[in-house]
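Numbered by this note's numbering, the letters in the sequence shown go through residues 2 to 135 in order.
Just so you know, even glycine gets a beta-carbon here, dropped at the ideal spot from N, CA and C.
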Amino acid sequence: MIDAQVDIETKDGKTTTFITHPERGGPFPVIIFYMDAPAIREELRDMARRLGTSGYYVMLPNLYYRSGVMEIGPINPDPESPERKRMFALMNSLSIPLIMEDTKALLAYAETQKAANTRIVGTVGYCMSGRYAI
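Here it is in structure tokens:
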């Protein structure tokens with residue numbers, strides 16, 4: 002497997018994106034894997050790798066890049082905790098039109114990659130991002 006972290010230029014700045022795909026046999030169909038509210042972390046990278054091992058070029062973008070946040074860290078289960086309030090504020094800063102613009106930039110980047118076959122594209126929306134995958 003090949004793993005990489007790249008900064009992809011969007012209309013609103015650069016989104017750091019984790020990319021994983023098999024080493025040989027491409028180009029591979031593209032999957033855009035939209036993160037959940039707690040942001041990118043090793044568990045999501047592992048999920049992306051699992052998809053990649055099935056023969057996909059998987060892109061896991063940081064959707065919170067506009068706020069300058071890459072990782073949130075552990076989330077306290079108390080609904081009144083500062084970490085949870087921050088997570089919900091970040092989550093509420095996103096919208097379908099913003100994610101559509103990001104998706105255009107992600108696909109434009111994938112077009113330039115020999116390992117990616119952008120004629121076949123799928124999406125995975127995990128928890129809060131399910132609405133972006135439809």
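| Query | Result |
| --- | --- |
| In angstroms, rounded to a whole number, what distance separates the CA positions of Asp-13 and Arg-25? | 34 Å |
| Quick one: grab the DSSP three-state call for Lys-12. | coil |
| My guess is that Asp-8 and Thr-21 are in contact by the Cβ rule of under 8 Å, so how many angstroms apart are they, rounded? | No, Asp-8 and Thr-21 are not in contact; Cβ-Cβ is about 16 Å, not under 8 Å. |
| Considering Arg-132, what are the terminal residues of the alpha helix (DSSP H) in which it resides? | 131-134 |
| Leaving out five residues on either side along the sequence, give the residues of the same chain with a beta carbon under 8 Å from the beta carbon of Asn-132. | In the sequence under discussion, the amino acid at residue 132 is Arg, which differs from the Asn named in the question. Result list for Arg-132: Ile-97, Gly-126, in chain order. |
| Which term fits Phe-89, buried or exposed, when burial requires 16 or more other beta carbons within 10 angstroms of its beta carbon? | exposed |
| Can you check which of these residues, Gln-6, Glu-102, Gly-27, is closest to Ala-116 by C-alpha distance? | Gly-27 |
| Could you pull out every residue in the same chain whose Cβ sits closer than 6 Å to the Cβ of Pro-39, ignoring the five residues on either side in sequence? | Ile-73, Ile-76 |
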